[in-house]
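This report concerns only the one structure given below.
There are 2 protein chains.
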Amino acid sequence: MITVIEQMRQFPHLSIGDVAARVGLRTSAIRFYERRGLLPTPERINGRRRYNTDVVGKIHLIRLAQQAGLTIEEIRVLLHGFPADTSAAIRWNTLANRKLDEVNALLERIAAMKALLEHALECQCATLDDCASGLDSADGELTIQQQCAGSRTGRPA
Amino acid sequence: MITVIEQMRQFPHLSIGDVAARVGLRTSAIRFYERRGLLPTPERINGRRRYNTDVVGKIHLIRLAQQAGLTIEEIRVLLHGFPADTSAAIRWNTLANRKLDEVNALLERIAAMKALLEHALECQCATLDDCASGLDSADGELTIQQQCAGSRTGRPA
DNA sequence: CTACAACTTGAAGCGCAGGTTAAGTCAAGG
DNA sequence: CCTTGACTTAACCTGCGCTTCAAGTTGTAG
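The listed protein sequences derive, respectively, from chains A and B. Note that this note's numbering has the first sequence beginning at 405, numbered continuously upward. Note that this note's numbering has the second sequence beginning at 405, numbered continuously upward.
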């Protein structure tokens, strides 16, 4: 029995539909990954792709990388953009460090949005025109001035 | 003199190009805001838009709202989607609370990405296949298992 | 044999947001 | 006269990750 199971594991018996079902993707997505160089072109039988089970792990790895924010192109680099003997550790380090910079920048932007929104909750202006007046200029980057915050309830005059 | 200055402030003497220059946008953006209902259709002289200076504050308000993450449509609601006598405070509260939920969700997603990336930095796998194996299933949401983390340097067999 | 599902290809399309551009016209000012 | 700058509408752009389409081929169950 063990040999049979081993055979199953190695023999490319999975259709693209089978693989899609196992990983919860559409077949079109799998072909797309292949076109973009994320997945190797599998063996074909009568023109049809036949996969062995290890492709399932590969696809899960792709999805994991996606969840980490890597783009398709970045994942391609991760998988095939290094000399073949490059360790996984080095590959991850390279890509993850790059991406962490982006993610941190994103976090800052979102935090800034959040700060603006929380500030907006403090607004006591009677009308939006009150908010708008005094919002002039600010050289490219707009800042919320003291107006709109807390104590004001209308415009001065 | 004072009356003259006041006249200048109220009289619609700014062309769309002037306004664009003052707020640092292209004229197309201003027309676009008008089409989308963010800005009122201004008075026309010889078919041309003439603005008075208060439009500058309005546009800055729009840009501020954008920086806070509101979409054009949401800004339209903020500006004109309430009964006319609704206070600015109430308008902001409504929109900002909605948006804060989204922003917090976004923050969580980004934090999750960051966690994945930081975990990836710990990877000691020799090959990506080592990372991939054992990554199977996980019911829709992929989690990083203990493998890839710290102690492993290759696959068991 | 006959359905019918599943597979093949490349190119094109979608969805979203926020503008921008093209192309043709017109009025004012130097 | 000629250059600016403005006018309009509709179409286009950018980015990313798939999805869909058309038109056929292959495998399989009944």
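Positions of the beta carbon are idealized from the N, C-alpha and C atoms, including for glycine.
Quick check: residue 510(A) and residue 456(A), are their CB atoms within less than 8 Å of each other? no
Just checking: is the beta-carbon of residue 507(B) within a distance shorter than 8 Å of some beta-carbon in chain A? yes
If we ignore side chains and look at the alpha-carbon of each, how far apart do residue 519(A) and residue 502(B) end up? 14 Å
Let me confirm a value: residue 537(B) is counted as buried when at least 16 other C-beta atoms fall within 10 Å, else exposed. Which label applies? buried
If you draw a straight line from the C-alpha of residue 559(B) to the C-alpha of residue 461(A), how long is it? Summary for residue 559(B): the model assigns pLDDT 41, below 50, so the residue's position carries little reliability; its value from the coordinates is reported in the next sentence. Answer to the nearest angstrom: the Cα atoms are 14 Å apart.
Listed from N- to C-terminal order along the chain, which residues in the region 442–471 of chain B have their beta-carbon within a distance smaller than 8 Å of any beta-carbon of chain A? 458, 460, 461, 462, 464, 465, 467, 468, 471
With the cut-off set at 8 Å, would you say residue 532(B) and residue 525(A) are in Cβ contact? no
Host beta strand (DSSP E) of residue 447(A) (start-end): 447–449
Would you list the residues sitting across from residue 452(A) in a DSSP beta bridge? 449(A)
Does the beta-carbon of residue 534(A) have 16 or more other beta-carbons within 10 angstroms, so that it is buried, or is it exposed? buried
Could you check whether the Cβ of residue 473(B) sits closer than 8 Å to any Cβ belonging to chain A? yes
Please list, in chain order, the residues of the region 521–535 of chain B that have any C-beta partner in chain A closer than 8 Å. 521, 522, 524, 525, 527, 528, 529, 530, 531, 532, 533, 534, 535
So if I threshold CB-CB distances at 7 Å, which residues from the region 483–513 of chain B count as touching chain A? 483, 491, 492, 493, 495, 496, 497, 500, 503, 504, 507, 510, 511
I'd like to know if residue 539(B) contacts chain A, where contact means its C-beta is closer than 8 Å to some C-beta of that chain. yes
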